[in-house]
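Everything on this sheet refers to the single structure shown next.
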Amino acid sequence: MTPEKMFHEMLGLGMNWEVKESRFEKESGTVFLETQEKAQLWEGLRCPKDGGYVFCYDHTEEMTWRHLNVFQHRCEITCRLPRGKCRGCGHVFRVRPPWEGLISHFNKEFEAFALLLIREMPVAKVVMETDMRLWRMTFKHAARAYGEADFSNVCCVGVDELNIRKGHEYLSVFADLVPKRVLFAKRGRTKRFG
Ligand SMILES: [Zn+2]
């Protein structure tokens, strides 16, 4: 089995994508997995607007997604993503690859790992990523989880206020008292309650 085939299996890329080349860059200590789509991707792909048949329009510049490390080495998936065009309405769209997380710099597994760490500690230095990317990713996941949360059984709500930043700001927290979970939290400069 070639290294490319092995990474293909490990990534679970399926029938529509393949690892074109895998290489280890010693100087930066990074494993690069260059991927590309296969022709059969287009057979199952439809226009997101009207469900029409699409063809390959062009490819983006090379993009990079951070994956979990291979041993202790940083690992990045690179790909020039295909853009599809609808035969019916002419709509051009970027094909979303199966590995992509909620932000376009990380893959799903890396996001899951970083989110787990973020609950426990400051992680930017641990995972060698910028604060900005990690916050953007965290907010996206929080927004999605919030959108999916079901508040229909809430019966007892409690409100409390915390003093943060030495009294210059307050944090109001609304909690569902039965399963003990936060429903809503809001930051503000004035004391709202009691
Ligand atoms: Zn269309």
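The sequence shown maps to residues 22 to 215 in the working numbering. Ideal Cβ placement from N, Cα and C applies to all residues, glycine included.
- Taking the CB atoms as reference points, tell me whether Arg101 and Phe76 lie closer together than 8 Å. no
- Query: With 8 Å set as the bound, which would you pick, yes or no: does the beta-carbon of Gln61 sit closer than that to a beta-carbon of chain B?
  - Reply: The structure shown contains no chain B, having only a single protein chain.
- Message: On the DSSP letters alone, give me the boundaries of the alpha helix (DSSP H) that Ala163 sits inside.
- Response: Asp152 to Glu169
- Message: Which complete alpha helix (DSSP H) runs does the region 32-90 hold, if anything under 4 residues is left out?
- Response: For the region 32-90, whole alpha helix (DSSP H) runs of length 4 or above, ordered along the chain, are 62-65.
- Message: Whole angstroms are fine: how far does the CA of Lys129 sit from the CA of Ser193?
- Response: 32 Å
- Message: Taking a contact to mean a Cβ-Cβ separation below 8 Å, would you say Thr159 touches Leu136 in this structure?
- Response: Contact flag set, yes.
- Item | Neighbourhood of Cys96 by C-beta distance below 6 Å, restricted to the same chain and skipping five residues each side | Val52, His88 and Asn90
- Task: Compute every distance between the C-beta of Lys201 and the non-hydrogen atoms of ligand 1, then say whether any falls below 7 Å.
- Result: no
- Message: For Lys167 and Tyr78, I'd like the C-alpha separation in whole angstroms.
- Response: The residue you asked about is not Lys; residue 167 is Tyr in the sequence shown. Tyr167 and Tyr78: Cα-Cα distance of roughly 36 Å.
- When we look at the beta-carbon of Glu132 and count the other beta-carbons within 10 Å, is it buried (16 or more) or exposed? buried
- Under 8 Å between C-beta atoms of Lys201 and Glu182: Their beta carbons are not under 8 Å apart, which means Lys201 does not touch Glu182 by this criterion.
- If you run the structure through DSSP and keep just helix, strand and coil, what is Pro200? coil
- Alpha-carbon spacing of Leu198 relative to Lys207, whole angstroms: 18 Å
- Item | Reference Thr85; option with closest CA among Arg104, Gly105 and Pro118 | Pro118
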